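K.L.:
Below is a structure I'd like to ask you about.
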Amino acid sequence: MNLFHPRTFSTDWEVMVLDRLDRALDMQKLSAFAGLLSRESDHPIQLDWNTLEFALGINASFAQIWERIRRVTDRAAQVVREFDCDLFPAGAHPTDEMFNSSHIHVGTIHDESAAIRLETSLLRYAPAFAALAANSPLASGRRSEFKSYRVQHEAHGCTRPNPLRDPALAQPIWGTDTCPKLAGAPTLEIRITDCASSRRFLAELATFVAAFVHHLGTHVPEDRPAPRAYQDSLTNRWLAARHGLQATFTWEARARPVADILDEMLDECREELAALGVRRSDLTLVEKMRTKRICQADFVIGLAERYPDPACLTSAYAKLMRHWTVFDEWLETAPALDPTPLPDDDAILAEHLALIGEGTHFYQSREAMHYPPPVADAVIERLIEQGLVTREITERHGVRLSRLRSPE
213 MNLFHPRTFS TDWEVMVLDR LDRALDMQKL SAFAGLLSRE SDHPIQLDWN
263 TLEFALGINA SFAQIWERIR RVTDRAAQVV REFDCDLFPA GAHPTDEMFN
313 SSHIHVGTIH DESAAIRLET SLLRYAPAFA ALAANSPLAS GRRSEFKSYR
363 VQHEAHGCTR PNPLRDPALA QPIWGTDTCP KLAGAPTLEI RITDCASSRR
413 FLAELATFVA AFVHHLGTHV PEDRPAPRAY QDSLTNRWLA ARHGLQATFT
463 WEARARPVAD ILDEMLDECR EELAALGVRR SDLTLVEKMR TKRICQADFV
513 IGLAERYPDP ACLTSAYAKL MRHWTVFDEW LETAPALDPT PLPDDDAILA
563 EHLALIGEGT HFYQSREAMH YPPPVADAVI ERLIEQGLVT REITERHGVR
613 LSRLRSPE
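Rendered as structure tokens:
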């Protein structure tokens, strides 16, 4: 069985452009750069949410995508600097409400029904990709509570947790963490990954994700996960957003550090990596990040600790991003981090409680873990039973929750 033929992959890399005052350029100015670069490039340079989106063509090997990433962005950086601007590859803007991704397209797949079943297989693995790619610990004034505010806040609705879908009852969807995208080059798109700041890491990440999805495409199961497994995948998604590569997941009913899970995933797709022209040992940044439990967000968090002023932070961050290898070099000497413990039920309850104030709509509490209704409702019942919140139901406003106290 092989759902992908030929085996190809790509990335759509969303990159902000800042002016000399560290302001993100608007769409009108970006369109001028996109037009100029598109005329010079073999690949379309598009616009997406106030970013230049580098769509890097159909690739069959690591070497091919790595060369394209360097060539296209070398020229793009040169062009914008002629106008006193800089490329700013980051998962989020430190002060503005802007979330960016490096979407990974895995091809070539023509069977939409099989691709929908593959979505289900990816439910448990997508949080591991999110942990590895986490790179948005600063967002619109928020700092370091999450290593991926983009994933936690669903990127303006552009990366939402997957529902379970039956191909016989499905319609095309867009904006979930993983989904088939057959309008154009037919691929399965991985949207959960934050924008990469390192070019080398982007090439390695795209190759690894593609190889692992190709591997899953050789044995897609027909069965659906149990409700508890779906709940665990959503909790793991939250843990990936909060802790990055330090996260500990619930994995097959026991606690497992995500770094160890990624180790197994890399082993499982060795043959598929070879088909894309690399060995596992060639993915030097991925291996070093996994071993040290360090993601790109950890570099940014250190920067935020050094520059508490938001304007100074944005300026320093943007200037460092001129150097494509700054994260790669920092990683060499960065000390390894320890895994965080798996949260207990009280910690999960507290996370939901933190989103409840006075007269909060009950849907807002679901933004913690995005649990399905039965699980989310059970959390609310526990909060009420423990005397932490009250519930009011009205015809006009529906269900509203009010916080009474914090847990002891």
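Note that the numbering used here has the sequence shown beginning at 213, numbered continuously upward. Just so it is clear, CB atoms sit at the ideal spot from N, CA and C, and this is done for glycine as well. Because the structure is a prediction, the values reported are computed rather than measured.
Residue ranges of each beta strand (DSSP E) run of no fewer than 3 residues wholly in the stretch 366–436, ordered along the chain?
P.N.:
As far as the stretch 366–436 is concerned, its whole beta strand (DSSP E) runs of at least 3 residues are 390–393, 399–402.
K.L.:
Alpha carbon to alpha carbon, what distance is there between Leu-616 and Gly-599?
P.N.:
Residue mapping note: residue 599 aligns to position 387 of the sequence shown, counting from 1. Residue mapping note: residue 616 aligns to position 404 of the sequence shown, counting from 1. Roughly 7 Å between the two C-alpha positions.
K.L.:
Taking only beta-carbon atoms, is Arg-612 less than 8 Å away from chain B?
P.N.:
Chain labels in this structure do not include chain B; a single protein chain is all it has.
K.L.:
Which stretch, first to last residue, makes up the beta strand (DSSP E) that contains Glu-265?
P.N.:
Within the sequence shown, the letter at position 53 stands for residue 265. Looking at the DSSP string, the run of the beta strand (DSSP E) that includes Glu-265 is 264–267.
K.L.:
Return the CA-CA distance between Met-239 and Asp-224, expressed in angstroms with no decimal places.
P.N.:
Taking the sequence shown and counting its residues from 1, the one referred to as residue 239 is at position 27. Taking the sequence shown and counting its residues from 1, the one referred to as residue 224 is at position 12. Straight-line Cα distance between these residues: approximately 18 Å.
K.L.:
Give me the Cα-Cα distance between Glu-597 and Ile-560, rounded to the nearest whole angstrom.
P.N.:
Indexing the sequence shown from 1 puts residue 597 at position 385. Indexing the sequence shown from 1 puts residue 560 at position 348. Distance between the alpha carbons of Glu-597 and Ile-560 is about 16 Å.
K.L.:
On the three-state DSSP scale, how would you describe Pro-522?
P.N.:
Mapped onto the sequence shown, residue 522 falls at position 310. Correct three-state label for Pro-522: helix.
K.L.:
Helix, strand or coil: how does DSSP classify Arg-329 here?
P.N.:
Within the sequence shown, numbered from 1, the residue matching residue 329 stands at position 117. Helix, per DSSP.
K.L.:
Do you know whose CA, among Glu-279, Leu-248, Ala-523, lies nearest Leu-264's CA?
P.N.:
On the sequence shown, residue 264 is found 52 positions in, with the first residue counted as 1. For the residues Glu-279, Leu-248, Ala-523, the minimum Cα distance to Leu-264 belongs to Leu-248.
K.L.:
Can you have a look at Met-213 and say buried or exposed, based on whether 16 or more other CB atoms are within 10 angstroms of its CB?
P.N.:
To locate residue 213, count along the sequence shown from 1; it is residue 1. Exposed, because fewer than 16 other Cβ atoms sit within 10 Å of the Cβ of Met-213.
K.L.:
Take Arg-578 and list the residues in its own chain whose beta-carbon comes closer than 7 Å to its own, dropping the five residues that flank it on each side.
P.N.:
Here residue 578 is taken as the residue at index 366 of the sequence shown, counted from 1. Excluding residues within five positions, the ones whose Cβ falls inside 7 Å are Ala-588.
K.L.:
When the Cα atoms are used, what is the spatial distance from Thr-447 to Ser-410?
P.N.:
Numbered from its first residue, the sequence shown carries residue 447 at position 235. Numbered from its first residue, the sequence shown carries residue 410 at position 198. Going from the Cα of Thr-447 to the Cα of Ser-410 covers about 28 Å.
K.L.:
Skipping 5 residues on each side, what residues in its chain have a beta carbon closer than 8 Å to that of Gly-387?
P.N.:
On the sequence shown, residue 387 is found 175 positions in, with the first residue counted as 1. Excluding sequence neighbours, Gly-387 sits near Gly-369, Cys-370, Thr-371, Arg-372, Arg-403.
K.L.:
Taking only runs of the alpha helix (DSSP H) that begin and end inside the stretch 293–347, which ones reach a length of at least 4 residues, in chain order?
P.N.:
Fully enclosed alpha helix (DSSP H) runs of 4 or longer: 324–334, 338–345.
K.L.:
Below 8 Å on the Cβ atoms is my contact criterion, and I expect Val-538 with Leu-350 to pass it. Report the Cβ-Cβ distance as a whole number of Å.
P.N.:
Mapped onto the sequence shown, residue 538 falls at position 326. Mapped onto the sequence shown, residue 350 falls at position 138. Contact doesn't hold; Cβ gap of about 16 Å is too wide.
K.L.:
For His-163 and His-609, what's the separation of their Cα atoms in angstroms?
P.N.:
Look at the range of the chain in this structure, 213 to 620, and you will see that residue 163 is not part of it.
K.L.:
If you check the beta carbons only, do Ala-546 and His-564 fall under 8 Å apart?
P.N.:
As a first step, residue 546 is located in the sequence shown; it is residue number 334 there, counting from the start. As a first step, residue 564 is located in the sequence shown; it is residue number 352 there, counting from the start. Contact: no.
K.L.:
Can you check DSSP and say which residues form a bridge with Asp-224?
P.N.:
Walking along the sequence shown from the start, residue 224 turns up at place 12. Per DSSP, Ala-267, His-315.
K.L.:
Tell me, to the nearest whole angstrom, how far the beta carbon of Leu-344 is from that of Cys-507; I am working on the premise that it is less than 8 Å.
P.N.:
Walking along the sequence shown from the start, residue 344 turns up at place 132. Walking along the sequence shown from the start, residue 507 turns up at place 295. Yes, Leu-344 and Cys-507 are in contact; Cβ-Cβ is about 7 Å, under 8 Å.
K.L.:
DSSP beta-bridge partners for Ser-360?
P.N.:
Sequence index remark: in the sequence shown, residue 360 carries index 148 (1-based). According to DSSP, which records beta bridges pairwise, Ser-360 is partnered with Ser-348.
K.L.:
Return the bridge partner residues of Arg-615 from the DSSP annotation.
P.N.:
To locate residue 615, count along the sequence shown from 1; it is residue 403. Paired residues: Val-601.
K.L.:
Taking C-alpha atoms, which residue in Pro-522, Trp-536, Val-291, Tyr-361 lies nearest to Met-310?
P.N.:
Position 98 of the sequence shown holds residue 310. Checked all of Pro-522, Trp-536, Val-291, Tyr-361; the closest Cα to Met-310 is Tyr-361.
K.L.:
On the DSSP letters alone, give me the boundaries of the beta strand (DSSP E) that Gln-258 sits inside.
P.N.:
Numbered from 1 along the sequence shown, position 46 holds the residue referred to as residue 258. Here the beta strand (DSSP E) through Gln-258 covers 257–259.
K.L.:
For Asp-224, verify whether its CB is less than 7 Å away from any heavy atom of the ligand PLP.
P.N.:
Although the ligand PLP was asked about, the structure shown includes no ligands whatsoever.
K.L.:
By the DSSP assignment, the beta strand (DSSP E) with Thr-503 in it spans what residues?
P.N.:
As a position in the sequence shown, residue 503 is number 291, starting the count at 1. Unbroken run through Thr-503 is the alpha helix (DSSP H), 496–504; no beta strand (DSSP E).
K.L.:
Can you give the Cα-Cα distance for Asp-479 and Glu-499, rounded to whole angstroms?
P.N.:
Indexing the sequence shown from 1 puts residue 479 at position 267. Indexing the sequence shown from 1 puts residue 499 at position 287. Rounded to whole angstroms, Asp-479 to Glu-499 spans 12 Å at the Cα level.
K.L.:
So Leu-335 packs on Asn-374, CB below 8 Å; how close in whole Å?
P.N.:
Taking the sequence shown and counting its residues from 1, one reaches residue 335 at position 123. Taking the sequence shown and counting its residues from 1, one reaches residue 374 at position 162. Indeed, because the Cβ distance is near 6 Å, the residues count as touching under 8 Å.
K.L.:
Pick from Gln-576, Gly-489, Ser-527: whose alpha carbon is nearest that of Thr-307?
P.N.:
Within the sequence shown, residue 307 is the residue found at index 95, counting from 1. The candidate whose alpha carbon is nearest that of Thr-307 is Ser-527.
K.L.:
Starting from the C-beta of Ala-184, find all residues in its chain whose C-beta is less than 6 Å away, skip the five residues before and the five after it, and write them out in chain order.
P.N.:
Because the chain is modelled from 213 through 620, residue 184 falls outside the range shown and cannot be assessed.
K.L.:
Should Tyr-337 go down as buried or exposed, given a rule of 16 or more other Cβ atoms within 10 Å for buried?
P.N.:
By 1-based counting over the sequence shown, the position of residue 337 is 125. Label assigned to Tyr-337: buried.
K.L.:
By the DSSP assignment, the beta strand (DSSP E) with Trp-542 in it spans what residues?
P.N.:
The count along the sequence shown starts at 1 and reaches residue 542 at position 330. Segment 538–545 is the alpha helix (DSSP H) holding Trp-542; no beta strand (DSSP E) there.
K.L.:
In chain order, what residues of the same chain lie with their CB nearer than 7 Å to the CB of Leu-414, ignoring the 5 residues before and after it?
P.N.:
Counted from its first residue, the sequence shown places residue 414 at position 202. The residues are Thr-223, Trp-225, Ile-281, Ser-314, Ala-408.
K.L.:
From Leu-237 to Gln-364, what does the alpha carbon distance come to, in whole angstroms?
P.N.:
Looking up residue 237 in the sequence shown gives position 25. Looking up residue 364 in the sequence shown gives position 152. Distance between the alpha carbons of Leu-237 and Gln-364: 25 Å.
K.L.:
Assuming contact is defined by CB atoms lying nearer than 8 Å, are Gly-303 and Ser-348 in contact in what I supplied?
P.N.:
As a working mapping, residue 303 is identified with position 91 in the sequence shown. As a working mapping, residue 348 is identified with position 136 in the sequence shown. Taking 8 Å as the Cβ cut-off, Gly-303 and Ser-348 qualify as a contacting pair.
K.L.:
For Asp-494 and Phe-274, I'd like the C-alpha separation in whole angstroms.
P.N.:
For this step, residue 494 is matched to residue 282 along the sequence shown. For this step, residue 274 is matched to residue 62 along the sequence shown. So the alpha carbons of these two residues sit roughly 10 Å apart.
K.L.:
From the DSSP output, in three-state form, read off Ala-452 for me.
P.N.:
On the sequence shown, position 240 is the one that residue 452 refers to. Three-state result, Ala-452: helix.
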